[in-house]
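A.B. asks:
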Amino acid sequence: TSGGAGQVGMERALNEVFGITNHDVDIPAAGRTDRAITADLFRHHGIDLHEANIASFLAAYDRHLPDALASCRGLVYPGIEPLLGELSNQSGVVLGLLTGNYRVGADHKLRHYQLNQHFGFGGFGDHHENRDDVARAAMQSLRDTVQRDVDLEHVWVIGDTPADVRCARAIGAKVVAVATGIFSAEDLEQSKPDHLFHDFSNFQQFLALLD
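Taking our numbering, the leading residue of the sequence shown gets 108, the next gets one more, and so forth.
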């Protein structure tokens, strides 16, 4: 978790580009794409949702996010770093990032937490309001990366929201839900993931699923 840095970065971008100072607005973010969140913010503040405005907003967000990451109290959850390290070292495993974040936002966050070296491809929230479409883009990016078709029996999506489970189903992938976000294990269980973890502190349990 980035500790709310994305929200802070967006608020500062709205202020810089459009002079918006009132950020008392409750827009859901968990499991949604940045494009969808931006659309809601623009509608709320009466900003025209055209590409020039989005581009100006995104450029400002790119500038403000590093400082927001430095000031917010984010963290990497237990088990994530050794899990990524183990997977990165396994032959035949290709790691990608499927996220609702804008690509520039994802890049800043991964670099800030020193995780960027693990991911070779991805799907991002720049162009799609529906997370399922981001998953489809990530699948195409995977095929382009490995330069062959992919057996969906060996594609896993890991996420902490019901939207992550749904987008995995949209591409026919297996899905692991982990209750480290705002959704409880009980909430996530209702979305029927293939596997459910409270966290990855014992990441070997997840690795055993891949054997």
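Even for Gly, the Cβ is constructed at its ideal location relative to N, Cα and C.
With H, G and I counted as helix, E and B as strand and the rest as coil, what does DSSP make of HIS130?
C.D. replies: In the structure shown, HIS130 sits in coil (DSSP, three-state: anything other than H, G, I, E or B).
A.B. asks: Quick check on LYS216: buried or exposed, where buried means 16 or more other Cβ atoms within 10 Å of its Cβ?
C.D. replies: Buried.
A.B. asks: Would you list, in sequence order, the uninterrupted alpha helix (DSSP H) runs of no fewer than 4 residues that lie entirely inside the region 186 to 270?
C.D. replies: You should have 187 to 195, 210 to 219 and 238 to 253.
A.B. asks: Name, in chain order, the residues that DSSP records as bridge partners for PHE304.
C.D. replies: Looking at the DSSP assignment, PHE304 forms a beta bridge with VAL285.
A.B. asks: With three or more beta-carbon pairs closer than 8 Å as the criterion, would you say the region 204 to 213 touches the region 134 to 145?
C.D. replies: As far as the Cβ criterion goes, the region 204 to 213 touches the region 134 to 145, which means the pair count is three or higher.
A.B. asks: According to DSSP, is TYR168 helix, strand or coil?
C.D. replies: Reduced to three states, the DSSP call for TYR168 is helix.
A.B. asks: Could you tell me the distance, in whole angstroms, from the CA atom of HIS219 to the CA atom of THR252?
C.D. replies: Distance between the alpha carbons of HIS219 and THR252 is about 25 Å.
A.B. asks: Rounded to a whole number of angstroms, what is the C-alpha to C-alpha distance between GLY192 and VAL264?
C.D. replies: Near 17 Å, if we compare the C-alpha coordinates of VAL264 and GLY192.
A.B. asks: Return the Cβ separation of VAL282 and ASP301 in integer angstroms, given the expectation that the two are a contact with Cβ distance under 8 Å.
C.D. replies: Their Cβ separation, rounded to whole angstroms, is 5 Å, which keeps VAL282 and ASP301 in contact under 8 Å.
A.B. asks: Please check the pair LEU249 and PHE228, which I expect to be a contact at CB under 8 Å, by giving their CB distance rounded to whole angstroms.
C.D. replies: Going by Cβ atoms, the distance from LEU249 to PHE228 rounds to 6 Å, so yes, they are a contact pair.
A.B. asks: Count the other CB atoms within 10 Å of the CB of GLY186; is the residue buried (16 or more) or exposed (fewer)?
C.D. replies: Burial call: buried.
A.B. asks: For the alpha helix (DSSP H) that ASN122 lies in, which residues bound it at each end?
C.D. replies: That run of the alpha helix (DSSP H) goes 112 to 125.
A.B. asks: Assuming LEU148 and GLY212 make a contact with CB atoms under 8 Å, what is their CB distance in whole Å?
C.D. replies: 14 Å between Cβ atoms; not a contact.
A.B. asks: Taking the alpha-carbon positions, what's the GLU260 to GLY153 distance?
C.D. replies: Roughly 45 Å between the two C-alpha positions.
A.B. asks: Inspect the CB distances between the region 289 to 298 and the region 237 to 245 and report whether three or more fall short of 8 Å.
C.D. replies: Because the criterion of three Cβ pairs below 8 Å is not met, the region 289 to 298 and the region 237 to 245 do not touch.
A.B. asks: Would you tell me roughly how many angstroms separate the C-alpha atoms of LEU176 and GLN221, rounded to the nearest one?
C.D. replies: So the two alpha carbons sit approximately 13 Å from each other.
A.B. asks: Would you identify the three-state DSSP class for ALA136, choosing helix, strand or coil?
C.D. replies: Coil at ALA136, not helix or strand.
A.B. asks: If you drop the 5 nearest sequence neighbours on each side, which residues of the same chain put their C-beta closer than 8 Å to that of LEU303?
C.D. replies: Answer for LEU303: VAL283, ALA284, VAL285, ALA286, ALA292, LEU295 and GLU296, listed in chain order.
A.B. asks: One question on the structure: do VAL132 and HIS151 come within less than 8 Å of each other, judged by their Cβ atoms?
C.D. replies: Yes, the pair counts as a contact, with Cβ atoms nearer than the cut-off.
A.B. asks: Between which residues of its own chain and SER163 is the CB-CB distance below 7 Å, once the five residues before and five after are set aside?
C.D. replies: Closer than 7 Å at the Cβ level, and outside the excluded window around SER163, lie VAL124.
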